[in-house]
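Which chain is which? The protein sequence lines are A and B, in order.
Under our numbering, the residue at position 11 of the first sequence is numbered 42, and the numbers go up by one with no gaps.
Under our numbering, the residue at position 70 of the second sequence is numbered 412, and the numbers go up by one with no gaps.
Glycine included, each C-beta is placed from N, C-alpha and C at the ideal position.
As structure tokens, the structure follows; a few thoughts come after it.
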Amino acid sequence: AQTVTQSQPEMSVQEAETVTLSCTYDTSENNYYLFWYKQPPSRQMILVIRQEAYKQQNATENRFSVNFQKAAKSFSLKISDSQLGDTAMYFCAFLGGGADGLTFGKGTHLIIQP
Amino acid sequence: EPEVTQTPSHQVTQMGQEVILRCVPISNHLYFYWYRQILGQKVEFLVSFYNNEISEKSEIFDDQFSVERPDGSNFTLKIRSTKLEDSAMYFCASTRHHSSIQYFGAGTRLSVL
């Protein structure tokens, strides 16, 4: 079974700073997908970014980018120029091995301080 | 932009009662999912549904749970004889293709008293 580990329960940075959230996973699969979801206080799950394992290029979405290290099974999220609205829980998720359901990590609570 | 819609946003029920949580997936999506998030914990997969049948279910999805797509738009999760530990946020998600992005609804908060 796949596992996803987020080792930082909580992080706090100042507005406009860059922050990196870590995620590692364990799988024996070669083809899979990785995601970062954001969950603000409203508790809605919002997709931030998606990475396909067969693509070597790191995914980027505006201020959000990932550092995907397949050999190390690492998938960190970098948020540049952080904004107050980035305050939320961030979940790393894995999809692969023929499974339908996403496997989520325990999340990192990110707090952006004014 | 199309979105997944869930109703109600908050459901309060007495222990032992049956509840039905409703979801309207994005209209051209083919795969539907239910997830659960107990307060303060991670999101857990319950079940996936494709082509009018369950495609995969987790250990959590026991005989107490059932899913149905009663018409062309709704996707429901029924919980029979609710227990206190069923209190959680329940998320519906849908996707057009397997392995594509799963789009989540805003969730239904279930409180079992």
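* Going by DSSP, name the residue or residues bridged to B/H352. => B/H352 is bridged by DSSP to B/R451.
* Report yes if the CB atom of B/K420 is closer than 8 Å to the CB atom of B/F407, and no otherwise. => Yes, these two residues count as a Cβ contact at 8 Å.
* the segment 414 to 425 of chain B: positions lying closer than 8 Å to chain A by Cβ -> For the segment 414 to 425 of chain B, the set of residues with a beta-carbon nearer than 8 Å to any beta-carbon of chain A is empty.
* Simplified DSSP state of A/G116, which is helix, strand or coil -> DSSP places A/G116 in helix when its eight states are reduced to three.
* Contact set between the segment 83 to 106 of chain A and chain C, restricted to residues whose Cβ is under 9 Å from the partner -> In the displayed structure, chain C is absent; the protein chains listed are A and B.
* With a CB to CB cut of under 6 Å and the five nearest residues on each side skipped, what residues in its chain are close to B/P367? -> Excluding positions up to five away in sequence, the list reads V346, F374, F417, S436.
* Sequence ranges, beta strand (DSSP E) only - wholly within the segment 45 to 72 of chain A, length at least 3 -> Within the segment 45 to 72 of chain A, the complete beta strand (DSSP E) runs of at least 3 residues fall at 50 to 52, 55 to 57, 63 to 70.
* Asked: Under a three-way DSSP split, which group does A/L78 fall into?
  -> Strand.
* Inter-stretch contact (C-beta, 8 Å, three-pair minimum) for the segment 117 to 128 of chain A and the segment 55 to 70 of chain A -> The segment 117 to 128 of chain A, when compared against the segment 55 to 70 of chain A, does touch it at the 8 Å Cβ threshold.
* Put B/L388 into one of helix, strand or coil per three-state DSSP. => Here B/L388 sits in strand by DSSP.
* Among A/K109, A/A32, A/T91, A/T118, which has the Cα closest to the Cα of A/C54? -> Of the candidates A/K109, A/A32, A/T91, A/T118, the residue whose Cα lies closest to the Cα of A/C54 is A/K109.
* Who are the Cβ neighbours of A/M120 in its own chain at under 6 Å, not counting the five residues just before and after it? -> Excluding positions up to five away in sequence, the list reads Q70, G138, H140.
* **A/M76 versus B/L455: straight-line alpha-carbon distance, rounded** => Rounded to whole angstroms, A/M76 to B/L455 spans 26 Å at the Cα level.
* Go ahead and pull the three-state DSSP assignment for B/L426. => In the three-state DSSP reduction, B/L426 falls in the helix class (H, G or I).
* Please confirm if A/L126 has its CB atom under 8 Å from at least one CB of chain B. => Closer than 8 Å to some Cβ of chain B, the Cβ of A/L126 qualifies, so yes.
* So is B/E386 buried or exposed if we call it buried at 16+ other beta carbons inside 10 Å? -> With 16 or more other Cβ atoms within 10 Å, it is buried.
* Does the Cβ of B/R378 have 16 or more other Cβ atoms within 10 Å, making it buried, or fewer, making it exposed? -> Under this definition B/R378 is a buried residue.
* Under 7 Å from the C-beta of B/A430: neighbouring residues of chain A -> In chain order: nothing, as chain A lies at least about 11 Å away.
* Three or more beta-carbon pairs under 8 Å between the segment 351 to 359 of chain B and the segment 399 to 415 of chain B, yes or no? -> Segments in contact, no.
* Asked: Would you report the Cα separation of A/I142 and A/Y56, rounded to the nearest angstrom?
  -> A straight line joining the alpha-carbon of A/I142 with that of A/Y56 spans about 24 Å.
* Evaluate B/Q444 with the Cβ neighbour count: other Cβ atoms within 10 Å of its Cβ, from every protein chain shown; 16 or more gives buried, anything less gives exposed. => Per the 10 Å Cβ criterion, buried.
* To do: Mind listing the chain A neighbours of B/V385? Cutoff is C-beta to C-beta under 9 Å, in chain order.
  => Ordered by position in chain A, the residues that pass the 9 Å Cβ test against B/V385 are Y68, Q70, M76, F122, A124, L133, F135, G138.
* Asked: Which residue from B/T450, B/S423, B/S442 puts its Cα closest to that of A/R81?
  -> The option with the nearest alpha carbon to A/R81 is B/S442.
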